[in-house]
Amino acid sequence: MDVRPAGIHHVTAIASDPQANADFYLNALGMRLVKKTVNFDAPDTYHLYYGDRAGNPGTIMTFFPWPNAPKGRLGAGQATTTSFSVPEGSLGWWQRHLAALGVETSRPVERLGEDVLTLHDPDGLVIELVAATDHHDTEPWDGGGIPAEHAIRGIRGVTLTEHDLDRTAGMLNGRLGFELAAELGNRYRFHTDEAGAGVGTVVDVLAEPRARSGLVAAGTVHHVAYRAPDQPTQIDWQQRLADDGVGVTEIRDRSYFTSIYFREPGGVLLEIATEGPGFDYDEPLLQLGRALKLPPWLEPQRAEIERHLPELVVGEHERTAPQSAGAANSEEAGK
Ligand code: ZN
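Heads up: the sequence shown runs through residues 1488 to 1822, numbered per my numbering.
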């Protein structure tokens, strides 16, 4: 069986204020809130999922927002940058859009033949918009006020900062099936090798032997999830990782996918998530993200959970959405 990942499924990071987080990803980056749920392991905290119109694997950025969370520290053993794909020629538009919202960005730079714009989310998470020629098999969301021609196509990849390039490269090459595609200084770019594999196919490793170790808290990535097409493939991955002596978890039910977790040799927490059942598993596609969804085992505690969650208003992006306005109105009329 081919156990090569098709690419990233999602990236999960830690935030502090959920409202500031939602405002940024919905309005500044124009992503769709595709699921509003709680951290299944700590249900007094939201788990917010942003993605494309359909919540396709490869487009998903998720957050655990802990109000008053301590600030994390970037460093070795971490995914230190998350990169999103935008269409070629879009960075000028993004610069103007973000400047109008008061979001500071770097000047675009060219790196390995691509234009890159760097910015930070409200908690300091490092984000890149990469004008990429990737094949985009995703569905850009224009309901957040970003024209579809410029909208984010998905997660292009992550950058891992590592003390020891060789050990991380060994796992990327060996067990995870990535191939070294380019080098620039201390940056080593790995690809899943399928041509036209779509979003989420890049991982850069920055070799920084003397960097201090990172601290995972607000403003840092918690883990990076790669996708498996189905559960038999996931089980095969789990077995092969265990055969390699890698500590890997049991399969966990995340409602919208199932997951296994393990660490790469440098310490970054990785996950293999199944592509299904997907985010329309418990609510219709048109209504993704509007209601607080809980897994069946937490439903009996809904009232208590809702009482403890901070207030979160996420309707604004939909009122300004030309394409979703009709759907919203017809749903209103149907009440
Ligand atoms: Zn995850």
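Yeah, the Cβ is synthetic: ideal placement off N, Cα and C, and Gly gets one too.
From a predicted model like this one, the values you see are computed outputs, not experimental measurements.
TODO: Measure the C-alpha to C-alpha separation of G1494 and G1765 and round it to an integer number of angstroms.
DONE: 16 Å
Task: Under the three-state DSSP convention, the category P1783 falls into - done: helix
Open item on the list: Could you check whether L1659 and F1677 sit closer than 8 Å to each other, using their CB atoms as the reference points?
Closed with: yes
Task: Continuous beta strand (DSSP E) assignments of at least 3 residues falling wholly in the segment 1598-1680 - done: Runs found: 1601-1607, 1613-1618, 1641-1649, 1665-1671, 1674-1679.
- [ ] For Q1506, collect the residues of the same chain with a Cβ closer than 8 Å to its Cβ; drop the 5 residues on either side in sequence, then sort them by chain order.
- [x] Same-chain partners within the cutoff: P1797, E1798, L1799, V1800.
Task: Where E1762 sits in the DSSP three-state scheme - done: coil
Task: DSSP bridge partner residues for Q1565 (one or two, in chain order) - done: Residue pairing by DSSP places Q1565 opposite T1648 in a beta bridge.
- [ ] Taking 8 Å as the threshold, find out whether the segment 1734-1745 comes into contact with the segment 1756-1772 through three or more Cβ pairs.
- [x] yes
- [ ] Could you tell me the distance, in whole angstroms, from the CA atom of A1729 to the CA atom of G1542?
- [x] 31 Å
Task: Distance CB(P1752)-CB(R1654) smaller than 8 Å - done: yes
TODO: For G1683, name the three-state secondary structure that DSSP assigns.
DONE: No answer about G1683 holds up, because its pLDDT of 47 lies below 50 and its placement is not dependable.
- [ ] Pick helix, strand or coil for D1723, following the three-state DSSP scheme.
- [x] helix
- [ ] Would you give the residue range spanned by the beta strand (DSSP E) that R1794 belongs to?
- [x] R1794 -> not in any beta strand (DSSP E); alpha helix (DSSP H) instead, spanning 1789-1795.
- [ ] May I ask you to verify whether the segment 1517-1533 touches the segment 1606-1614, counting CB pairs closer than 8 Å and requiring at least 3?
- [x] Too few Cβ pairs lie closer than 8 Å, so no.
Open item on the list: Using 8 Å for Cβ pairs, my map puts G1802 next to W1628. What's the rounded Cβ distance?
Closed with: Rounded, the Cβ-Cβ distance is 15 Å, inconsistent with contact.
- [ ] For the beta strand (DSSP E) holding A1715, just list the boundary residues, first then last.
- [x] For A1715, the enclosing beta strand (DSSP E) stretches over residues 1708-1715.
Task: Spatial distance of E1601 from P1719 (CA atoms) - done: 37 Å
TODO: Have a look at D1504, K1522, Y1537 and flag the residue whose alpha-carbon is nearest the alpha-carbon of V1498.
DONE: Y1537
Task: Delimiting residues of the alpha helix (DSSP H) encompassing D1539 - done: It is not in any alpha helix (DSSP H) - D1539 carries neither H nor E in the DSSP assignment.
Task: Three-state secondary structure assigned by DSSP to D1510 - done: helix
Open item on the list: Please determine whether the Cβ atom of T1745 lies at a distance below 7 Å from any heavy atom of the ligand ZN.
Closed with: Incorrect: T1745 has no Cβ contact closer than 7 Å to the ligand ZN.
TODO: For the beta strand (DSSP E) containing L1578, list its first residue and its last residue.
DONE: Where L1578 is concerned, there is no enclosing beta strand (DSSP E), although the alpha helix (DSSP H) it sits in stretches over 1578-1587.
Task: Those residues which DSSP pairs with V1525 across a bridge - done: Y1533
Open item on the list: Using only CA atoms, which one of T1707, L1779, G1664, G1754 lies nearest to S1503?
Closed with: T1707
Task: V1590 to G1611 span [Cα, whole Å] - done: 12 Å
- [ ] Using alpha carbons as the reference points, say which of G1632, G1687, G1672 lies closest to V1617.
- [x] G1687
Task: Buried/exposed call for T1646, threshold 16 Cβ in 10 Å - done: buried
Task: Three-way DSSP call (helix, strand, coil) for D1740 in this model - done: strand
Open item on the list: Would H1650 and S1572 be called neighbours here (beta carbons separated by less than 8 Å)?
Closed with: no
- [ ] Tell me whether T1620 is buried or exposed, calling it buried when 16 or more other Cβ atoms sit within 10 Å of its Cβ.
- [x] Its Cβ having fewer than 16 others within 10 Å, T1620 is exposed.
Open item on the list: Taking a contact to mean a Cβ-Cβ separation below 8 Å, would you say T1546 touches T1625 in this structure?
Closed with: yes
Open item on the list: In whole angstroms, give me the CA-to-CA distance for P1530 and R1789.
Closed with: 10 Å
Task: Cβ-based neighbour list, A1515, same chain, cut-off 6 Å, excluding 5 preceding and 5 following - done: Counting only Cβ-Cβ distances below 6 Å, and skipping sequence neighbours, we find L1588, V1590.
Open item on the list: Going by beta-carbon coordinates alone, are H1496 and A1712 separated by less than 8 Å?
Closed with: yes
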